[in-house]
Amino acid sequence: GDSVTQMEGPVTLSEEAFLTINCTYTATGYPSLFWYVQYPGEGLQLLLKATKADDKGSNKGFEATYRKETTSFHLEKGSVQVSDSAVYFCALSPSGFQKLVFGTGTRLLVSP
Amino acid sequence: NAGVMQNPRHLVRRRGQEARLRCSPMKGHSHVYWYRQLPEEGLKFMVYLQKENIIDESGMPKERFSAEFPKEGPSILRIQQVVRGDSAAYFCASSPRLAGGTDTQYFGPGTRLTVL
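Order-wise, the sequence lines are chains Y and Z.
For the first sequence, our numbering assigns the number 11 to the initial residue and increments by one for each residue that follows.
For the second sequence, our numbering assigns the number 15 to the initial residue and increments by one for each residue that follows.
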């Protein structure tokens, strides 16, 4: 079945460091891909999305490119801030379906 | 425009009681989804509803769990005879009706259920 695999956390960085969180997926057809962010005690917020191969989603300095050849959607940010500390979830929506399939999440901790 | 509303935010039940979780979608949204997040895990899809219809319930446990989205009022996720393993955060999401493609889902703050 469809699945998403994320790198395990926590990822610990200093402020202004470069961030990469790896995400790979298994799916039939052409899923849409998403990154969601969850701050402590809150629900999930959509960070960015891509709906077809080679699309690049971007928001708030974060970006991810839909790579069909490597079935990946890695999240990157050039310079992280303390306020970026949160749990990041990679997700896919299978082609023809509305439900989301989530990875297990990666906790990011950014220190001053 | 108010976001997705869920209540209660925290719910404590004893084993064997019923838990009723409510979700009001964003204004103009007619699709509702329920997800469950167990501690230290990702979200798992449970059910997808439109007004008065269950579209996909492939993630719902076969017993004790039910969901509805009536013509008027919020969507309800009902768990009967709760057990300790039901303790989790339950998130609701909503999306607008689009002609095709994949809708973006907007999430509520969740209801954290604790079963004693």
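Ideal placement from N, C-alpha and C gives every residue a C-beta, glycine not left out.
Values in this document were obtained by computation on a predicted structure and should not be read as measured data.
Asked, Found
"By the criterion of Cβ-Cβ separation under 8 Å, what are the contact partners of His43 of chain Z in chain Y?", "The contacting residues do not exist; His43 of chain Z stays about 12 Å from chain Y at best."
"Measure from the alpha carbon of Asp117 of chain Z to the alpha carbon of each residue in Y:Val90, Y:Arg117, Y:Gly106, then state which is nearest.", "Y:Gly106"
"Can you tell me where the beta strand (DSSP E) holding Gln16 of chain Y begins and where it ends?", "13 to 16"
"For Phe83 of chain Z, which residues in chain Y fall below 8 Å Cβ to Cβ?", "The premise fails here: Phe83 of chain Z is roughly 14 Å from chain Y at the closest Cβ pair, so nothing lies under 8 Å."
"Quick one: Cα of Leu57 of chain Z to Cα of Ala81 of chain Z, how far?", "17 Å"
"Take every Cβ of the region 17 to 25 of chain Y, pair it with every Cβ of the region 35 to 55 of chain Y, and state whether three or more of those distances are shorter than 8 Å.", "no"
"Looking at chain Y, is there any beta carbon in it that lies within less than 8 Å of the beta carbon of Leu57 of chain Z?", "yes"
"May I ask you to list, following chain order, the residues of the region 104 to 120 of chain Y that have a beta carbon less than 8 Å from some beta carbon of chain Z?", "Phe107, Gln108, Lys109, Leu110, Val111, Phe112, Gly113, Thr114, Gly115"
"Looking only at DSSP bridge pairs, what is Pro22 of chain Z linked to?", "Answer is none; Pro22 of chain Z lacks a bridge partner."
"Check whether the Cβ atoms of Gly53 of chain Y and Gly73 of chain Z sit closer than 8 Å, and answer yes or no.", "no"
"In or out: Ala16 of chain Z buried (at least 16 other Cβ within 10 Å) or exposed?", "exposed"
"If you follow the beta strand (DSSP E) that Tyr46 of chain Y is in, where does it begin and where does it stop?", "42 to 48"
"Can you name the residues of chain Y whose CB is closer than 9 Å to the CB of Asp70 of chain Z?", "Phe107, Gln108, Lys109"
"When the Cα of Thr114 of chain Y is compared with those of Z:Ala33, Z:Glu55, Z:Arg27, which residue comes out closest?", "Z:Glu55"
"Is Arg98 of chain Z helix, strand or coil by DSSP?", "helix"
"Kindly list the residues whose CB is nearer than 7 Å to the CB of Val97 of chain Z, restricted to its own chain and excluding five residues on each side of it in sequence; keep chain order.", "Arg29, Val129"
"Output needed for Phe79 of chain Z: all residues of its chain with C-beta closer than 6 Å, excluding positions within five of it in sequence on either side, in chain order.", "Ile93"
"Quick check: what's the CA-CA separation for Gln64 of chain Z versus His45 of chain Z?", "5 Å"
"For Gly67 of chain Y, which residues of its own chain have a beta-carbon under 6 Å away from its beta-carbon, when the five flanking residues on both sides are left out?", "Leu58, Lys59, Ala60, Ala74"
"Would Ala63 of chain Y be called buried (16 or more neighbouring beta carbons within 10 Å of its own) or exposed?", "exposed"
"Just to make sure I have the definition right: I need the residues of chain Z whose C-beta is within less than 9 Å of the C-beta of Leu56 of chain Y. Which are they?", "Thr118, Gln119, Tyr120, Phe121"
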